[in-house]
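Chains as they are written, first to last, in the numbering used here: chain R, 184 to 522; chain A, -9 to 246. Ideal placement from N, C-alpha and C gives every residue a C-beta, glycine not left out. A quick write-up on the structure given underneath.
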Amino acid sequence: MNAIETIKLTKKFDKLTAVDGVDLTIEEGEFFGFLGPNGAGKTTTISMLSTILRPTSGSANVWGYDIVKEQDKVRKSIGVVFQEPSVDDDLTGMENLEFHARLYKVPKDTMASRTKELLELMELTDRSKDLMKTYSGGMRRRLEIARGLLHHPKVLFLDEPTLGLDPQTRRLIWKYIDKLNKVENVTMLLTTHYMDEADYLCNRIAIIDNGKIVACDTPANLKDGMGGDIITLTLSTPPPANSEKIKKAKKDLENLGRVLSVSLVKDTIKLTASKGETLIPPALNVLRDNKIDVRSVSLHEPTLEDVFIKFTGRKLRDEVEGNKQHMVKAMKQHRRFRH
Amino acid sequence: MSDVYTIWLREMIRYVRAKSRIITSLAMPIIWLALLGTALGTMMENSPLLPEGMNYVQYIAPGIIGMAILFTSIFSGISIIFDREFGFLKEILVAPVSRLSIVLGKALGGTTTAMIQGIIMFCLALFFGVSFGSELGNAGGIVVTILFMFLIGLSFVSIGIAIASKVESMEGFQMIMSFLIMPMFFLSGALYPIDVLPGWLKALTYIDPLTYGVDGLRYAIQGSQTAQFPLWVDFGVLSAFSIFALVLGAYLFKRS
Chain R
184 MNAIETIKLT KKFDKLTAVD GVDLTIEEGE FFGFLGPNGA GKTTTISMLS TILRPTSGSA
244 NVWGYDIVKE QDKVRKSIGV VFQEPSVDDD LTGMENLEFH ARLYKVPKDT MASRTKELLE
304 LMELTDRSKD LMKTYSGGMR RRLEIARGLL HHPKVLFLDE PTLGLDPQTR RLIWKYIDKL
364 NKVENVTMLL TTHYMDEADY LCNRIAIIDN GKIVACDTPA NLKDGMGGDI ITLTLSTPPP
424 ANSEKIKKAK KDLENLGRVL SVSLVKDTIK LTASKGETLI PPALNVLRDN KIDVRSVSLH
484 EPTLEDVFIK FTGRKLRDEV EGNKQHMVKA MKQHRRFRH
Chain A
-9 MSDVYTIWLR EMIRYVRAKS RIITSLAMPI IWLALLGTAL GTMMENSPLL PEGMNYVQYI
51 APGIIGMAIL FTSIFSGISI IFDREFGFLK EILVAPVSRL SIVLGKALGG TTTAMIQGII
111 MFCLALFFGV SFGSELGNAG GIVVTILFMF LIGLSFVSIG IAIASKVESM EGFQMIMSFL
171 IMPMFFLSGA LYPIDVLPGW LKALTYIDPL TYGVDGLRYA IQGSQTAQFP LWVDFGVLSA
231 FSIFALVLGA YLFKRS
């Protein structure tokens, strides 16, 4: 059975198209990831799938229920861990969980055992009677994840679950959610702009950019799709991107045997090639012949970052800030106009 | 129904926990009653506007109780803005709970806290020497007092919910305070008898729903000697308004 299915799912905020015709199928039990910069449309997609936003056009099913016509059934089937905090600070951790259990009609006896189990899993047992406002960021996140799982959802949405957390806490949270996916067979839809997170957790990844899915496959296949190793050449004085000098150098590099692609981002040239180590000397020769100075060279196996660059022509981090501000502004304006 | 209870319960837990807020929200009515009541009272001594033998503190006490309820209930309704700002509203909105249950839970929660504040204020007024007694008898007077506290609370918590559904952030808050809450209080006849006012001002007091709340409280606490309208008029108008406000709040919340 498919846990999630979308057909041409689209959301527009005035002129900005946040999600642009997304077609997606996620199977039961899958750990699926949306990888993309902030403002790419990940949160908007999750908001639609969790019935908070109505799609502008297109349709989607979650656990077989239509997200517009069968909102109540969708809500019963899902759990959501939002990007922004969503706990009541004036209640204790336990009270937040109880409130949730009541809203989702979790039977009292199940509630007691389930809460105990989840609190232990998230290592929060001894803090459960403390007010939320005394929790650290990581503890809050863990409580929110526990809460999202309390009612045994079929599908759990995790929107940037480790944003702003320290590396140690991130690792812990990864461990937990990975376990939940495997032990309880909860279908997971995670959004992130951390490559390593997507790589570590997800069975399948959709790279999303400007509201569109540009690639969708397993992390291994995406990286294999690069066709070999990545050679990164950092230039000491990079010529302008469209100068004749650099165009010629690129062409010469492409003509070396086994080179699959050449890309230039800021001051680095990236080559993709099989047996990359044997290509370093000829590549350096080409650049020297073109009078381009190289400051450093490195060779590595492809990462999701390289995959992202291949599909979007940009680094993931470059776009983060600008895009986010653009998005926030557009959404604010949208709200203002609506009223 | 259990959803309404769940939302109501959260309001109660939050109310009981915020002890400092309980005290600060009573401070203003107490100051009004003790300082303004006493100060203006000296001016109003033997005034023909007041029934014989009644001092001014006694006269404004029902209005000040109404004020405590008005403030508490409007703020309870508006607290939806905080829930939105701090993210908790999302948790409620993705839950399998109807929007109507959310509004009802919030409205009844706010009404309950407002009634508790009103009852505390009522006891404080008695402590300040305000006397209690009407044609309704002691038991009847208390029942009608509490009934009107409920209606005032429900009306204005619903108005608060309606406002919160329309206002995006706390920025518009000061405006609501200056242009809605204070005028509503001043026009309600809490501080002076309505029938001596000039015609245009009198008309304004008649369209203020709080007028009927204060008048009903007045009737229940002091009897017909200071009330402007018959009790059934107060009850009818305020009941109708509270239902209207609740429907409006539910409608706007659902749309937002």
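Check: Cβ-Cβ distance between residue 56 of chain A and residue 203 of chain A below 8 angstroms; Outcome: yes
Check: Distance between residue 431 of chain R and residue 425 of chain R (C-alpha atoms, nearest Å); Outcome: 10 angstroms
Check: Distance CB(residue 16 of chain A)-CB(residue 111 of chain A) smaller than 8 angstroms; Outcome: yes
Check: Residue range of the alpha helix (DSSP H) that includes residue 171 of chain A; Outcome: Segment: none, residue 171 of chain A is in no alpha helix (DSSP H) and carries neither H nor E.
Check: Beta carbon proximity, residue 517 of chain R to chain A, threshold 8 angstroms; Outcome: Confidence in residue 517 of chain R is poor, its pLDDT being 49 and thus under 50, which makes the residue's placement unreliable; the coordinate value appears in the next sentence. Closer than 8 angstroms: no.
Check: Alpha-carbon spacing of residue 480 of chain R relative to residue 446 of chain R, whole angstroms; Outcome: 15 angstroms
Check: Rounded C-alpha distance that separates residue 221 of chain R from residue 376 of chain R; Outcome: 7 angstroms
Check: Residue 486 of chain R in three-state terms, based on DSSP; Outcome: coil
Check: Extent of the continuous beta strand (DSSP E) to which residue 389 of chain R belongs; Outcome: 387 to 392
Check: 8 angstroms Cβ cutoff, residue 83 of chain A in contact with chain R; Outcome: yes
Check: Cutoff 6 angstroms; reference residue 178 of chain A; Cβ partners in own chain excluding five residues on either side; Outcome: 198, 200, 201, 204
Check: Where the alpha helix (DSSP H) containing residue 56 of chain A begins and where it ends; Outcome: 46 to 75
Check: Top-ranked residue by Cα proximity to residue 379 of chain R, from R:211, R:216, R:292; Outcome: R:216
Check: Residue 352 of chain R versus residue 360 of chain R - alpha carbon distance; Outcome: 12 angstroms
Check: Spatial neighbours of residue 256 of chain R in its chain, beta-carbon cut-off 7 angstroms, leaving aside the 5 residues before and after; Outcome: 248
Check: Closer than 7 angstroms at the beta carbon, the chain A residues around residue 267 of chain R; Outcome: 77
Check: Residues in the segment 269 to 293 of chain R having any Cβ partner in chain A nearer than 8 angstroms; Outcome: 269, 270, 271, 272, 273, 274, 278, 282, 283, 285, 286, 287, 288
Check: Closest residue to residue 534 of chain R among R:269, R:456, R:469, R:451 (Cα-Cα distance); Outcome: Because chain R spans 184 through 522 in this model, residue 534 of chain R falls outside it and cannot be assessed.
Check: Contact the segment 96 to 114 of chain A vs the segment 184 to 192 of chain A: 3+ CB pairs below 8 angstroms; Outcome: no
Check: Residue 438 of chain R, enclosing alpha helix (DSSP H) - first and last residue; Outcome: 427 to 438
Check: 8 angstroms Cβ cutoff, residue 234 of chain R in contact with chain A; Outcome: yes
Check: Whole runs of the alpha helix (DSSP H) within the segment 356 to 412 of chain R, excluding any shorter than 4 residues; Outcome: 378 to 384, 402 to 407
Check: Proximity test, Cβ basis, 8 angstroms: residue 103 of chain A and chain R; Outcome: no
Check: Spatial distance of residue 180 of chain A from residue 66 of chain A (CA atoms); Outcome: 22 angstroms
Check: Chain A within 8 angstroms of residue 255 of chain R, Cβ atoms only; Outcome: yes
Check: Residue 84 of chain A vs residue 234 of chain R beta-carbon contact at 8 angstroms; Outcome: yes
Check: Cβ neighbours of residue 39 of chain A in the same chain (closer than 7 angstroms, five flanking residues each side left out); Outcome: 183, 186
Check: Beta bridge counterpart(s) of residue 208 of chain R as assigned by DSSP; Outcome: R:188
Check: Distance between residue 218 of chain R and residue 323 of chain R (C-alpha atoms, nearest Å); Outcome: 23 angstroms
Check: Proximity winner among R:494, R:440, R:321, relative to residue 469 of chain R (alpha-carbon distances); Outcome: R:440
Check: Reduced DSSP category for residue 157 of chain A - H, G, I as helix; E, B as strand; rest coil; Outcome: coil
Check: Inter-stretch contact (C-beta, 8 angstroms, three-pair minimum) for the segment 398 to 410 of chain R and the segment 353 to 372 of chain R; Outcome: no
Check: Within chain R, partners of residue 74 of chain A - CB distance below 8 angstroms; Outcome: The premise fails here: residue 74 of chain A is roughly 11 angstroms from chain R at the closest Cβ pair, so nothing lies under 8 angstroms.
Check: 8 angstroms Cβ cutoff met for residue 406 of chain R and residue 487 of chain R; Outcome: yes
Check: At least 3 beta-carbon pairs within less than 8 angstroms: the segment 237 to 246 of chain R vs the segment 45 to 62 of chain A; Outcome: no
Check: For residue 234 of chain A, three-class secondary structure by DSSP; Outcome: helix
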